[in-house]
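Take a look at the structure:
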């Protein structure tokens, strides 16, 4: 039976797939760790701790269930990403992506979404472009900050199950955005480590607001061409 290890207090709180990975986070005077049979139980345990664990999600390699890099406690290169789609789910949607680099804002991205126009694809491709650009900066430990609950759950919780289930979701259906997630995995492979941080949308966080504006600017630019 698979085990999930919740690090509630440690170097990098989060849910880990191996005991070794969890134990590597115990260099903390008040460290707390416990094993569980399900991800949900481990996640609830971590969230019951005294810190906001949504900002410290542990990332593991979905291809083999092992940790990508769990012992990094140094600074992360922060990137805010956002995707927007007007008319999402209608016959004529139009989408854009926004990427904001707080320390290298001159490289911010505001681009149209290629191919199929949906909000979820825009969120995914915003991160793909963010990681591709970070690679050109020679930044390899990246924190992706997004307001997309779908994206964070997909990359920290669901994707390893999709790999094991031949890219079928919990209902036995094909994962809709499979090839987009595979592209995102390729982008993640450019990095040594990727940390996923979920923030609330429209909550006054400057970086998130900038990414949102860039995504909507990409849509406005497309509309002006018509």
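Numbering (our numbering), first residue to last: 18 to 243. Ideal placement from N, C-alpha and C gives every residue a C-beta, glycine not left out. In this text the structure is predicted, and so the values were computed from the model without any measurement.
Check                                                                                              : Outcome
Nearest candidate by alpha-carbon position, reference residue 93, set 40, 159, 196 and 220         : 159
DSSP three-state assignment for residue 118, whether helix, strand or coil                         : coil
Option in 176, 186, 155 and 231 with minimal Cα separation from residue 209                        : 155
Min CB distance residue 144 to chain B below 8 Å                                                   : In the structure shown, chain B does not exist; there is a single protein chain.
Runs of beta strand (DSSP E) wholly within the region 149 to 206 (minimum 3 residues, chain order) : 158 to 163
Cβ distance (whole Å) where residue 201 is taken to contact residue 141 below 8 Å                  : 6 Å
Simplified DSSP assignment, three categories, for residue 41                                       : coil
Between the CA atoms of residue 180 and residue 59 - distance to the nearest angstrom              : 21 Å
Simplified DSSP assignment, three categories, for residue 125                                      : coil
According to DSSP, residues forming a beta bridge with residue 101                                 : 113
DSSP-derived helix/strand/coil call for residue 213                                                : strand
Assigned secondary structure, residue 133 (DSSP; H/G/I helix, E/B strand, else coil)               : coil
8 Å contact criterion, which residue 150 and residue 124 should meet: CB distance rounded          : 6 Å
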